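Residue numbers (this note's numbering): 0 to 105.
Backbone N, C-alpha and C define an ideal beta-carbon position, used for all residues, glycine too.
Predicted model only: the values in this text are computed from it and were never measured.
For reference, the structure is listed below as structure tokens.
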């Protein structure tokens, strides 16, 4: 699965679970580096989720790592998700699911 295929799959899961607000920078080549791939908003639960998506072997860049750590340190829900994390992704996207957290593998 490519990163783009994975991104579309996660967006579809999010939409099905009520995350009606979404943001994705479509042309990151002209943007400052490191901003997470996706931002999801769930209005009824008042949650906002910042997600970096990678393939199972994709590498996270230093600027991406820095942004995720910063957002998490500010108390915001952040995650680095890979296709192998699908059960966690499905659980986290549930309206009453666990808060997203970055892990030691960041």
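Separation of residue j from residue i, as counted between CA atoms
i, j, result
"residue 32", "residue 94", "30 angstroms"
"residue 0", "residue 8", "10 angstroms"
"residue 40", "residue 5", "19 angstroms"
"residue 24", "residue 98", "23 angstroms"
"residue 51", "residue 64", "9 angstroms"
"residue 68", "residue 35", "11 angstroms"
"residue 10", "residue 3", "11 angstroms"
Per DSSP, cross-strand counterpart(s) of residue i
i, result
"residue 21", "39"
Beta carbon of residue i nearer than 8 angstroms to that of residue j
i, j, result
"residue 72", "residue 48", "no"
Residue closest to residue i, alpha-carbon to alpha-carbon, out of the options
i, options, result
"residue 37", "61, 45, 29 and 14", "14"
"residue 92", "100, 75 and 12", "12"
### Query
Taking three-plus beta-carbon pairs below 8 angstroms as touching, is the stretch 53-60 in contact with the stretch 7-22?
no
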